[in-house]
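Chemist: Heads up, the sequence shown is in this note's numbering, so the first residue is 1 and it goes up one at a time.
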Amino acid sequence: MLTTKTPWVVLLLLWMGGSTYWHVCRIKQLCLDDATSSTPVSVATPTQPFTVPGLQFSDGTSTTFRSPGHLAFAKSGADANLNGIRPLLDSLALYLKSNPDKHLQLTGFYDVNEQNSSSESNLGVGRAHSIRAYLMSLGIPEGQFQVVGTEQPDLSFTPAGDSLYGGVQFAFLDEVLVKEQKPTEEELANGETFSSIFEPMDLYFNTGKIDYIRTAETVKFLEKTKAYLKEHPEQKLLVTGHTDNSGPDALNLTPSRKRADAVKMQFVKAGIAASQIEVEGKGEILPIASNNTEEGRRANRRTSVVVKK
């Protein structure tokens, strides 16, 4: 009878031993000598999510082009992957066909660490040309485009650094020309003409400078004023500083006065007696252009000079 039960007893013991091993060593992993315990567990490093930037540009206020996707370029590559914006480019081609007087500027960008794989002067030009080539294949004449290439930091590369989203900026040329036509301080200075020492003349300054911009007209004013004041020591030259409306009114008086003081010192060095020069700062209260635009604010940042009658 005992002999008959022996195999079953052995099997029961084996089953109990196996269950105990599995529970202790495999499930709870308490067996220190288990070969699997020495195997390091790899933990996946989470990657930063990358969102493809959308594309949007307008022709003034009349027409806006939008796409949730964008152009894609391989790093150092000039050929565009258009899958993300092909519908937008097709719509743009139809718009340009319907408006043959419209001109489009394509500005291609590249990173300083990229290599120029194109046959153009720089990689940005090559990228812009690839977009132009596609639009020309849809029937847009070459004369409706202007192509520019420039280095640009902070481009939208993928985390792996092998692909660039964006890379080309779209702008209608009339909008670009308007931006370029905004007068600089040099142009404002050159636009001033001398008529009489008794008529106010505005002096302009380059950003961050206290020396006024000298032109042939300002030289005329200075020489005529110097000669007149030498002959009329009782007369005065009035130098008035002006600013735009950026910042509080009271604070604008200080820079306007400083600019006027700087002009006085330059006129004194040129030979006019300091006692014959009066200085005042008016701040923002006497604008000659609208402060609602950058070009207007630039025109208002000036110092006027005139001989008092």
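The beta-carbon is built from N, C-alpha and C at its ideal position, and this holds for glycine as well.
Strictly by DSSP, which residues pair up with M201?
Modeler: DSSP, once it has assigned bridges, lists V305 as partnering M201.
Chemist: Identify which residue in N122, K97 and F172 has its Cα closest to the Cα of S312.
Modeler: As displayed, the chain neither begins before 1 nor continues past 309, which places residue 312 out of reach and without an answer.
Chemist: Classify I210 as buried or exposed, calling it buried when 16 or more other Cβ atoms lie within 10 Å of its own Cβ.
Modeler: The residue is exposed, with fewer than 16 neighbouring Cβ atoms inside 10 Å.
Chemist: Can you tell me which of Y165, F73, D249 and N81 puts its alpha carbon nearest to the alpha carbon of V52?
Modeler: Closest option to V52, Cα to Cα, is Y165.
Chemist: Which same chain residues, not among the five before or five after I285, have their C-beta less than 8 Å away from its C-beta?
Modeler: For I285, where only same-chain residues beyond five positions count, the Cβ hits under 8 Å are D249.
Chemist: Please report how far the alpha carbon of A274 lies from the alpha carbon of L229, in whole angstroms.
Modeler: Going by the C-alpha atoms only, they are around 11 Å apart.
Chemist: Just to confirm the assignment, what range does the alpha helix (DSSP H) spanning Y228 have?
Modeler: From DSSP, the alpha helix (DSSP H) with Y228 extends over A216 to E231.
Chemist: Give a yes or no on whether the C-beta atoms belonging to L123 and Y134 are separated by under 7 Å.
Modeler: It is not a contact, given that the beta carbons lie outside the stated cut-off.
Chemist: Nearest CA to the CA of I131: which residue from E278, G283, L253 and H70?
Modeler: For the residues E278, G283, L253 and H70, the minimum Cα distance to I131 belongs to H70.
Chemist: Residues in the same chain with beta-carbon distance under 7 Å from S156, minus the five sequence neighbours each way, listed in chain order, please.
Modeler: Hits under 7 Å: P53, L164, Y165 and G166.
Chemist: Going straight from the alpha carbon of R302 to that of P233, what length do you get?
Modeler: If I take the Cα positions, the gap works out to 27 Å.
Chemist: For A93 and I140, I'd like the C-alpha separation in whole angstroms.
Modeler: Their backbone Cα atoms lie some 7 Å apart in a straight line.
Chemist: Along the beta strand (DSSP E) that carries I277, what are the first and last residues, could you check?
Modeler: Residues I277 to G283.
Chemist: Tell me whether F198 is buried or exposed, calling it buried when 16 or more other Cβ atoms sit within 10 Å of its Cβ.
Modeler: Under this definition F198 is an exposed residue.
Chemist: Can you check which of these residues, T218, F145, V307 and Q152, is closest to E114 by C-alpha distance?
Modeler: Nearest C-alpha to E114: Q152.
Chemist: To which residues does DSSP link S156 through a beta bridge?
Modeler: Paired residue(s): Y165.
Chemist: Are E280 and T240 close, meaning C-beta to C-beta below 7 Å?
Modeler: Their beta carbons are under 7 Å apart, which means E280 touches T240 by this criterion.
Chemist: Looking at C-alpha atoms only, which residue of P87, N252, P68 and N291 is the closest neighbour of K282?
Modeler: For K282, the nearest C-alpha among the options comes from N252.
Chemist: Over the uninterrupted alpha helix (DSSP H) stretch that includes L251, give me the two end residues.
Modeler: D249 to K269 is the span of the alpha helix (DSSP H), which, as asked, contains L251.
Chemist: Can you have a look at S304 and say buried or exposed, based on whether 16 or more other CB atoms are within 10 angstroms of its CB?
Modeler: So S304 ends up on the buried side.
Chemist: Does DSSP classify H129 as helix, strand or coil?
Modeler: The answer is helix: DSSP assigns H129 an H, G or I state.
Chemist: Could you check which residue in H103, G108 and D101 has the C-alpha nearest to that of A72?
Modeler: Nearest C-alpha to A72: G108.
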